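Asks: Protein chains in written order, with the numbering used here: chain A, 1 to 113; chain B, 1 to 113.
Please see the structure below; I have some questions.
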Amino acid sequence: EAQVTQNPRYLITVTGKKLTVTCSQNMNHEYMSWYRQDPGLGLRQIYYSMNVEVTDKGDVPEGYKVSRKEKRNFPLILESPSPNQTSLYFCASRATTVNQPQHFGDGTRLSIL
Amino acid sequence: QQQVKQSPQSLIVQKGGISIINCAYENTAFDYFPWYQQFPGKGPALLIAIRPDVSEKKEGRFTISFNKSAKQFSLHIMDSQPGDSATYFCAASLSYNTDKLIFGTGTRLQVFP
Numbered sequence: 001e002a003q004v005t006q007n008p009r010y011l012i013t014v015t016g017k018k019l020t021v022t023c024s025q026n027m028n029h030e031y032m033s034w035y036r037q038d039p040g041l042g043l044r045q046i047y048y049s050m051n052v053e054v055t056d057k058g059d060v061p062e063g064y065k066v067s068r069k070e071k072r073n074f075p076l077i078l079e080s081p082s083p084n085q086t087s088l089y090f091c092a093s094r095a096t097t098v099n100q101p102q103h104f105g106d107g108t109r110l111s112i113l
Numbered sequence: 001q002q003q004v005k006q007s008p009q010s011l012i013v014q015k016g017g018i019s020i021i022n023c024a025y026e027n028t029a030f031d032y033f034p035w036y037q038q039f040p041g042k043g044p045a046l047l048i049a050i051r052p053d054v055s056e057k058k059e060g061r062f063t064i065s066f067n068k069s070a071k072q073f074s075l076h077i078m079d080s081q082p083g084d085s086a087t088y089f090c091a092a093s094l095s096y097n098t099d100k101l102i103f104g105t106g107t108r109l110q111v112f113p
């Protein structure tokens, strides 16, 4: 089954404790993205990647890092999480053909205390 | 200039009625306008999309109406069903870079029997 898998689905942690949210897709997609979803703000892009070793900032990249060492994986790293990063996070992937839709994972709910 | 404004924030419709969600954009360079549907606990999924060379696109009970001169587009759900209850997001991007999706703030639709 074609899917985008995020782990963990839920995480409660404390300020300053480094964490990584993993994202893996099995569709051989070149493009992958990370979004955060906050009430009243919709989805905002954090980072995206056009292929292995190629990443670029989205609209809200501050406080986040990403890496793309393999085509299928695109982890999101919070080096020093802060409470304002409490949010619902989504990973997405898509094929390179123009206008191909983004396929989203089921989300990771992060709470930073 | 990158914003996509979406209204209403929430919508309650009787079963069988018509649900209408509106979006407006500012960047005239946008040329790909998808709508995403999100159920609780799930990631957004592409529902229907339109490019500005057509004024309307219909897929089943879902129709996008597009007004290029007004820089507005809307989603119409005909014969709304309880199973349509979800959050709907409009979005816009440049078609050659659909990774840079700019999302609206979302509309929570509730359809009552």
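We put the beta carbon where it would ideally sit given N, CA and C, even for glycine.
Values in this document were obtained by computation on a predicted structure and should not be read as measured data.
Step through the CB atoms of chain B and report whether any lies within less than 8 Å of the CB of A/L61.
Replies: Working through the first sequence from its first residue, we reach residue 61 of chain A at position 61. According to the sequence shown, residue 61 of chain A is Pro rather than Leu. False, the Cβ-Cβ gap to chain B never drops below 8 Å.
Asks: Would you identify the three-state DSSP class for B/G16, choosing helix, strand or coil?
Replies: Indexing the second sequence from 1 puts residue 16 of chain B at position 16. Coil.
Asks: Need the endpoints of the beta strand (DSSP E) that A/L78 sits in, please.
Replies: Indexing the first sequence from 1 puts residue 78 of chain A at position 78. Per DSSP, A/L78 belongs to the beta strand (DSSP E) from 76-78.
Asks: Quickly, what does DSSP pair B/L101 with across the bridge? List them, please.
Replies: As a position in the second sequence, residue 101 of chain B is number 101, starting the count at 1. Beta-bridge pairing links B/L101 to no other residue.
Asks: In angstroms, rounded to a whole number, what distance separates the CA positions of A/T20 and A/T108?
Replies: Here residue 20 of chain A refers to the residue found at position 20 of the first sequence. Here residue 108 of chain A refers to the residue found at position 108 of the first sequence. Taking the straight line joining both Cα atoms gives about 11 Å.
Asks: If we count the other Cβ atoms within 10 Å of its Cβ and call it buried at 16 or more, is B/I64 buried or exposed?
Replies: For this step, residue 64 of chain B is matched to residue 64 along the second sequence. When all chains shown are included, B/I64 counts as buried.
Asks: Residues of chain B with CB under 8 Å from A/L41, in chain order?
Replies: Start at 1 with the first residue of the first sequence, and residue 41 of chain A comes out as number 41. Per Cβ cutoff of 8 Å: T105.
Asks: Buried or exposed for A/S33, going by 16 or more other Cβ atoms inside 10 Å?
Replies: Counting from 1 along the first sequence, the entry for residue 33 of chain A is found at position 33. Buried, because 16 or more other Cβ atoms sit within 10 Å of the Cβ of A/S33.
Asks: Listed in chain order, which residues of the segment 78-104 of chain A have Cβ atoms closer than 9 Å to some Cβ of chain B?
Replies: Residues F90, C91, A92, R94, V98, N99, Q100, P101, Q102, H103, F104.
Asks: Please go through the segment 10-86 of chain A and give each complete beta strand (DSSP E) segment of 3 or more residues, from N-terminal end onward.
Replies: As far as the segment 10-86 of chain A is concerned, its whole beta strand (DSSP E) runs of at least 3 residues are 10-13, 19-25, 31-38, 42-51, 54-57, 76-78.
Asks: Would B/W115 pass as a contact of B/I20 if the rule is Cβ separation under 8 Å?
Replies: With chain B covering 1 to 113 only, the question about residue 115 of chain B has no answer from this structure.
Asks: Along the chain, where does the beta strand (DSSP E) containing A/R109 start, and where does it finish?
Replies: Residue 109 of chain A sits at position 109 when you count from the first residue of the first sequence. Note, A/R109: beta strand (DSSP E), 108-112.
Asks: In this structure, does DSSP put B/P82 in helix, strand or coil?
Replies: For the purposes of this step, residue 82 of chain B is taken as residue 82 along the second sequence, with counting starting at 1. If DSSP states are grouped into helix, strand and coil, B/P82 belongs with the helices.
Asks: At 3 residues or longer, what runs of the beta strand (DSSP E) sit wholly inside the segment 1-56 of chain B?
Replies: Within the segment 1-56 of chain B, the complete beta strand (DSSP E) runs of at least 3 residues are 4-7, 10-14, 19-25, 33-38, 45-50.
Asks: Going by alpha carbons, who is nearest to A/T96 out of A/I12, A/S80, A/N51?
Replies: Counted from its first residue, the first sequence places residue 96 of chain A at position 96. For A/T96, the nearest C-alpha among the options comes from A/N51.
Asks: Can you find a C-beta in chain B that's less than 8 Å from the C-beta of A/G120?
Replies: Because chain A is modelled from 1 through 113, residue 120 of chain A falls outside the range shown and cannot be assessed.
Asks: 8 Å is my cut-off, CB to CB: does A/Q136 come that close to chain B?
Replies: An answer regarding residue 136 of chain A cannot be provided, because it is not within the stretch 1 to 113 covered by chain A.
Asks: Using CA atoms only, rank isn't needed, just tell me which of A/S93, A/P81, A/Q37, A/I12 is closest to A/N73.
Replies: The residue labelled residue 73 of chain A in the question sits at position 73 within the first sequence. Nearest option by C-alpha distance: A/S93.
Asks: Starting from the beta carbon of A/Q25, find every residue of chain B whose beta carbon is closer than 9 Å, and list them in chain order.
Replies: The count along the first sequence starts at 1 and reaches residue 25 of chain A at position 25. Under the 9 Å cutoff, chain B gives no residues; its nearest Cβ is about 12 Å from A/Q25.
Asks: Expressed to the nearest angstrom, what Euclidean distance is found between the alpha-carbon atoms of A/P83 and A/L113?
Replies: The count along the first sequence starts at 1 and reaches residue 83 of chain A at position 83. The count along the first sequence starts at 1 and reaches residue 113 of chain A at position 113. Spanning the two alpha carbons is a distance of roughly 6 Å.
Asks: For a quick check, are the C-beta atoms of A/E79 and A/K18 less than 8 Å apart?
Replies: Residue 79 of chain A sits at position 79 when you count from the first residue of the first sequence. Residue 18 of chain A sits at position 18 when you count from the first residue of the first sequence. Yes, these two residues count as a Cβ contact at 8 Å.
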